[in-house]
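*Asks:* In terms of the UniProt record's numbering, the sequence shown is residues 1 to 306. Beta carbons: idealized from backbone N, C-alpha and C, even for Gly.
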Amino acid sequence: MAIKNVVVAGGTGALGTPITNALVQAGFNVTVFTREGSTSTPPAGTSVKQVDYKSVDSLKAALAGQDAVVSVLGSFVIGEQQPLAEVAVAPGSSIKRFIPSEFGINTRKTRDTPIGKILGGKTLLVDFLTEAAAKNPNFAWTGISSGHFFDWGLTHGSLGLDAKTHTATIYDSGNERYHASNLPFIGKAVAAVLRQAGTPEDKTANKYIEIASFTPTQNEVLAAVQALTPGQEWTVVHAKSDEAQKDAEERLSKGDYSTFLPLLSVWQFADGAGHAPDQADPAFGNKLLGLQAEDPKVALAAWLGK
Ligand SMILES: NC(=O)c1ccc[n+]([C@@H]2O[C@H](COP(=O)([O-])OP(=O)(O)OC[C@H]3O[C@@H](n4cnc5c(N)ncnc54)[C@H](OP(=O)(O)O)[C@@H]3O)[C@@H](O)[C@H]2O)c1
Numbered sequence: 001m002a003i004k005n006v007v008v009a010g011g012t013g014a015l016g017t018p019i020t021n022a023l024v025q026a027g028f029n030v031t032v033f034t035r036e037g038s039t040s041t042p043p044a045g046t047s048v049k050q051v052d053y054k055s056v057d058s059l060k061a062a063l064a065g066q067d068a069v070v071s072v073l074g075s076f077v078i079g080e081q082q083p084l085a086e087v088a089v090a091p092g093s094s095i096k097r098f099i100p101s102e103f104g105i106n107t108r109k110t111r112d113t114p115i116g117k118i119l120g121g122k123t124l125l126v127d128f129l130t131e132a133a134a135k136n137p138n139f140a141w142t143g144i145s146s147g148h149f150f151d152w153g154l155t156h157g158s159l160g161l162d163a164k165t166h167t168a169t170i171y172d173s174g175n176e177r178y179h180a181s182n183l184p185f186i187g188k189a190v191a192a193v194l195r196q197a198g199t200p201e202d203k204t205a206n207k208y209i210e211i212a213s214f215t216p217t218q219n220e221v222l223a224a225v226q227a228l229t230p231g232q233e234w235t236v237v238h239a240k241s242d243e244a245q246k247d248a249e250e251r252l253s254k255g256d257y258s259t260f261l262p263l264l265s266v267w268q269f270a271d272g273a274g275h276a277p278d279q280a281d282p283a284f285g286n287k288l289l290g291l292q293a294e295d296p297k298v299a300l301a302a303w304l305g306k
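#1: Quick check for students: name the residue ranges of the beta strand (DSSP E) that lie wholly in the segment 37-117, counting only runs of 3 or more.
#2: Since residue 143 is in the beta strand (DSSP E), which residue starts that stretch and which ends it?
#3: State the start and end residues of the unbroken beta strand (DSSP E) segment that holds residue 238.
#4: Just checking, does the segment 181-198 make contact with the segment 257-265 on the three C-beta pairs under 8 Å criterion?
#5: Which class does residue 179 belong to by DSSP, given the choice of helix, strand or coil?
#6: So, for residue 138: in the same chain, excluding its five sequence neighbours on each side, which residues have a beta-carbon less than 7 Å away from its beta-carbon?
#7: Tell me, which residues are paired with residue 5 by DSSP?
#8: Report the three-state DSSP secondary structure of residue 170 (helix, strand or coil).
#9: Just to confirm, are residue 51 and residue 62 a CB contact at a threshold of 9 Å?
#10: May I ask you to check if the CB of residue 169 is nearer than 8 Å to at least one heavy atom of ligand 1?
#11: Near residue 178, which residues of its chain fall below 8 Å by C-beta distance, leaving aside the five closest residues on each side in sequence?
#12: Give the straight-line distance between the Cα atoms of residue 202 and residue 27, rounded to the nearest whole angstrom.
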């Protein structure tokens, strides 16, 4: 049966807002779950329910009559998804599809790695959903790996580009292809998954997929930035991935979770990392969902005010 009623848990957040907007635009009835007492503003065109993410009773009542859950809870509250998932998969639940708060690098590949220690909560939840779906033919999940948030990463410094100081940090040769998506593109992907779900066209039931706006190299992005800022000198800082990895692992072993960004940079940018999706692969999410690749120059121009 096709999906109509969709809950977005964390639909007020950085990614939750564009996902919610895409779902409203695609014609779904969207209910945003927000914490009791939250002052966040839900996107227009949605119903809003305040929930207690720790209370099964609160979640059970709020999920009644819903067809799908998209969880976009933030990085620091990934564990909060567990009761939500337990209620969604329980016997008698109306939820037919659960999209967990993945939306980053492919956590099916990070198990038993240093960065995987930080992402462990995401891995456990996908394991839980996989087991639940194996027992219940009426329930399915879809995991979406989007790589770096590109538009968001430009303004939040996670791509190594600083428009104030005109500095670019480049790992190794800068020629490794990496995995990146703009936030509205991820919204379109979520809407496409739910449009297919429960129909004969469904290609993502119980699958972990990779989608990408594009897979550029650091040098290609820097060249585009330089072309957009004629006459402006950009300082290039060269970083060595083996040194950055060693330093981050040492700090992580002492419990320093602020090492996520250097570990992520090495995971994506190091020479030979091999973590950009293969766009020719028939299992590439863009192909399964009919999504068109984007041009990184559009987000770069917006970031630079061009
Ligand atoms: N690939 C990347 O580059 C990248 C970058 C950032 C994030 N991510 C991933 O994207 C997903 C969504 O992240 P995001 O940055 O969009 O999330 P976010 O904006 O930090 O948070 C999303 C929502 O979580 C809700 N929330 C529930 N309990 C909370 C609590 N105890 N404290 C704070 N917020 C709480 C809040 O909604 P209410 O206030 O309405 O309850 C908030 O709006 C995560 O899986 C994250 O790891 C990926």
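*Replies:* Well, looking at it:
#1: 47-51, 68-71 and 97-99
#2: As a working mapping, residue 143 is identified with position 143 in the sequence shown. 140-145 is the extent of the beta strand (DSSP E) around residue 143.
#3: Here the question's residue 238 lines up with position 238 in the sequence shown. Residues 235-239.
#4: no
#5: As a working mapping, residue 179 is identified with position 179 in the sequence shown. Residue state, collapsed to three classes: coil.
#6: Translated into positions along the sequence shown, residue 138 becomes position 138. Once the five neighbours on either side are set aside, the close Cβ partners of residue 138 are 96.
#7: Position 5 of the sequence shown, counting from 1, holds the residue named residue 5. Bridge partners of residue 5: 29.
#8: For the purposes of this step, residue 170 is taken as the residue at position 170 of the sequence shown. Note: residue 170 maps to strand in three-state DSSP.
#9: Here residue 51 corresponds to residue number 51 of the sequence shown, with the count starting at 1. Here residue 62 corresponds to residue number 62 of the sequence shown, with the count starting at 1. Yes, these two residues count as a Cβ contact at 9 Å.
#10: For the purposes of this step, residue 169 is identified with residue 169 of the sequence shown, where counting begins at 1. No, since every heavy atom of ligand 1 falls outside the 8 Å radius drawn around the Cβ of residue 169.
#11: As a working note, residue 178 is residue 178 in the sequence shown. Closer than 8 Å at the Cβ level, and outside the excluded window around residue 178, lie 147, 148, 215, 216, 217, 218, 268, 269, 273, 275 and 276.
#12: Looking up residue 202 in the sequence shown gives position 202. Looking up residue 27 in the sequence shown gives position 27. Cα to Cα, the separation comes out at about 18 Å.
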